[in-house]
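Take 1 as the starting number for the sequence shown in UniProt numbering and just add one per residue.
Where is the CB? At the ideal position from N, CA and C, for every residue including glycine.
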Amino acid sequence: MNQDQDDLVIQLLERLDRYEKLANDTFRVNFITGMQHLSRANFNSENRKYGMDSLDRRPYDACKVVEGNGSFKLRDRLKELKEKKKSDSEKEKSEPEKENTSEDPALRQRKKDPAKGEKSEPKSKKEGVSEKSIDPPSLRDPIYQFGVLVPYQLRNAQSSFNDSLTDIVNMVNLRQELTELIQKIESTEASGNASAST
């Protein structure tokens with residue numbers, strides 16, 4: 001065995017150790033904890049049981065997507081959408097403050113109807129409310145399939161299962177690395193045997 005092959009075997013053993021720890025410790029614990037929280041939610045809920053029978057089966061876009069180019073990556077689209085909305089709302093809050101300083105006092109009176117002497121809302125705001133109520137959001141937190149008010153045990157179960165999902169993606173990536181390392185070791189061993197026989 002040469003030095004390159006020894007290094008590859010050491011890398012293989014390190015990856016195998018990480019894979020075993022991930023599979024037997026964190027993934028297993030997260031999955032078991034999620035099932036325990038789910039059973040606690042079912043036990044504490046007298047009127048309703050949480051499971052496949054109580055799901056809201058209306059179609060929504062997937063909140064978590066696994067993307068892969070060589071290695072897989074878990075992308076939480078719901079979290080990205082919330083962060084985008086938060087940054088947009090912060091920008092909107094800062095923009096009206098700038099606009100209020102430069103407004104003419106006569107423009108502020110425009111919303112009042114001079115004939116009636118009362119304030120009237122712009123038509124765009126009235127139309128915007130009806131459009132929002134008609135168009136359902138394409139991304140929705142999956143826990144809302146069980147209703148708006150869910151027990152905290154169900155939220156804890158969701159958190160544990162989300163951690164398990166991250167662990168699964170990491171395990172798949174480690175398994176790909178293990179397969180590649182095994183192929184490299186076999187190819188270096190085959191080339192070493194071929195050069196030794198000549």
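Residue from the options with nearest C-alpha to residue i
i      : options                      : result
Asp163 : Arg75, Gln3, Val9            : Arg75
Ser138 : Glu90, Ser159, Gly147, Leu78 : Leu78
Ser71  : Arg175, Ile185, Lys91, Ser54 : Arg175
Asn30  : Gln3, Asn156, Ala194         : Asn156
Gln183 : Val9, Glu67, Arg58           : Val9
Ala41  : Gly192, Thr179, Ile143       : Ile143
Gly147 : Arg48, Ala194, Asn193        : Arg48
Arg140 : Glu46, Lys82, Arg28, Asp53   : Lys82
Glu46  : Ile185, Arg28, Val150        : Val150
Ile168 : Glu90, Asn24, Cys63          : Asn24
Three-way DSSP call (helix, strand, coil) for residue i in this model
i      : result
Arg140 : coil
Gly192 : helix
Leu74  : strand
Lys84  : helix
Val148 : coil
Asn170 : helix
Asn2   : coil
Ser187 : helix
Leu12  : helix
Exposure label - residue i; buried when at least 16 CB within 10 Å
i      : result
Glu20  : exposed
Asp17  : exposed
Tyr152 : exposed
Leu181 : buried
Gln3   : exposed
Leu38  : buried
Lys132 : With a pLDDT of 44 at Lys132, under the threshold of 50, the modelled position of this residue cannot be trusted, and the question is left open.
Phe43  : exposed
Integer-rounded CB distance, given that residue j should sit under 8 Å from residue i
i      : j      : result
Thr166 : Gln5   : The Cβ separation is near 33 Å, so there is no contact.
Tyr50  : Leu154 : 6 Å
Asn170 : Leu22  : 6 Å
Ser160 : Thr26  : Their Cβ separation, rounded to whole angstroms, is 11 Å, which puts Ser160 and Thr26 out of contact at 8 Å.
Arg15  : Glu177 : 5 Å
Gln145 : Leu55  : 5 Å
Glu67  : Lys73  : 5 Å
Pick out the complete beta strand (DSSP E) segments inside the segment 17-79, 3 residues or longer, and give them in chain order. 64-69, 71-76
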